[in-house]
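What follows is a set of notes on a single structure, which appears directly below.
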Amino acid sequence: MLLSVPTKRFLLIPAVFLFILPFTSSADIIIGGRSIVVAQRGDSLSLIGARYGVDWQVVARENGFDPKGVCRPGQQFSINNLRIVPKIIQDGIIVNVPDRMLYFFRNGELVRAFPVGLGLPRKEWQTPIGPFLIARKERDPTWYVPESIQREMINKGQRVRIVVPPGKDNPLGRYALYTSLQNILIHETIWPATIYTWRSHGCIRVSPEIMGEFYDQVERGTTGEIIYQPVSVAVREGRVYLQVGKDIYRRIPSMDAEVRARIEERGLADSVDWVKVQDVTKKKTGVAEDVTR
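Numbering (this note's numbering), first residue to last: 779 to 1071.
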């Protein structure tokens, strides 16, 4: 059964429950939905967007909020983070680069889904696409700075750091999962505002509010895959949903063609309103929208 999302259930969703999950697996899984969230002390649009997996520009536009304005504690924002799970597996981790999300499956069920920070668009810093496994786990990790990042420090005139010990200034945070991909970790970040962005050097950044529990859930040897799927289509209760994200790594020759192909391969070409499809494709918000005819 697919998720049925209430629209007025919450005033504030705790950060560890960013997405409402279905109880059973299905051919399509849709998570999240519209809710009202309340700004906390120290919040900004970028932090709110990072926490709930929505671009801050979208939050500002949908709430009529001045992008240069300051969030006040207690201020309410309407957030829509309805999202289609891009790939369903039996066990393991799926990271989808265009939608900046990590999905964790166990026994065929989705048990966690949360926003992550990923690699910059610059080719040498892109998060690599492909399968991986969790090679080892480490609490309070030491960061051995890759030579490529050391060179960047030199080019920027920064102090070159070769080894960064555990502590509050360590970019790896308190928890790190080392993958089988060279220099690619899933780790806590000390920069929460970079969640749901493409600003890392390839690693997968996780919010401090989430990483500790996720670290305990993931075992050494857990398999995973990093995918690149900016377009997802799903059907729920006879309604067709389309989600289109940014082609941040410029891998898709034509987004219009990609969207049409995804819809047609599901046999849904006659079930959608193509004007709505065009609108969703143009906006590229990464939020699933109803495009039923």
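Yeah, the Cβ is synthetic: ideal placement off N, Cα and C, and Gly gets one too. Nothing here was measured: the structure is a model prediction, and the numbers come from that model.
- How is Q854 classed by DSSP in three states: helix, strand or coil? strand
- Taking all protein chains shown into account, decide if T920 is buried (16 or more other Cβ within 10 angstroms of its Cβ) or exposed. exposed
- Query: What is the DSSP secondary structure of Q995, counted as helix, strand or coil?
  - Reply: helix
- DSSP beta-bridge partners for Q1021? S1010
- Query: Looking at the structure shown, is W834 part of a helix, part of a strand, or coil, going by DSSP?
  - Reply: helix
- Query: Are there 16 or more other CB atoms within 10 angstroms of the CB of S999, so buried, or fewer, so exposed?
  - Reply: One detail in the question is off: residue 999 reads as Gly in this sequence, not Ser. Exposed, because fewer than 16 other Cβ atoms sit within 10 Å of the Cβ of G999.
- Environment of A1039 [buried if 16+ CB atoms lie within 10 Å]: exposed
- Cβ separation of I988 and F910, assumed to be a contact under 8 angstroms, to the nearest whole Å: The pair is not a contact, with the Cβ atoms about 19 angstroms apart (cut-off 8 angstroms).
- Using 8 angstroms as the limit for Cβ to Cβ distance, is G1023 near chain B? Of the protein chains in this structure there is only one, and it is not chain B.
- Message: Rounded to whole angstroms, what is the Cα-Cα separation between K846 and Q854?
- Response: 17 angstroms
- Near Y974, what residues of its chain come up, given a Cβ to Cβ distance below 8 angstroms and the 5 sequence neighbours on each side ignored? G827, A828, G831, V832, D833, R878, P893, V894, G895
- Secondary structure at D1068, three-state DSSP: helix, strand or coil? strand
- Rounded straight-line distance, which links the Cα of P876 to that of I1026: 7 angstroms
- Neighbourhood of G908 by C-beta, 8 angstroms cutoff - its chain only, sequence neighbours within 5 removed: L959, E1003, I1004
- Message: Rounded to whole angstroms, what is the Cα-Cα separation between Q818 and S1010?
- Response: 33 angstroms
- Message: Taking a contact to mean a Cβ-Cβ separation below 8 angstroms, would you say I964 touches T972 in this structure?
- Response: no
- Option nearest W969 by Cα separation, candidates R983, N961, K1054: R983
- Message: Three Cβ pairs or more, each shorter than 8 angstroms: is that satisfied between the region 1012-1023 and the region 1039-1058?
- Response: yes
- Query: By how many angstroms is the C-alpha of I866 removed from the C-alpha of G886?
  - Reply: 8 angstroms
- Message: Quick check: what's the CA-CA separation for K1054 versus W976?
- Response: 28 angstroms
- Query: Between the beta-carbon of E966 and the beta-carbon of G945, is there less than 8 angstroms?
  - Reply: no
- Item | Helix, strand or coil at L959 [DSSP, three-state] | coil
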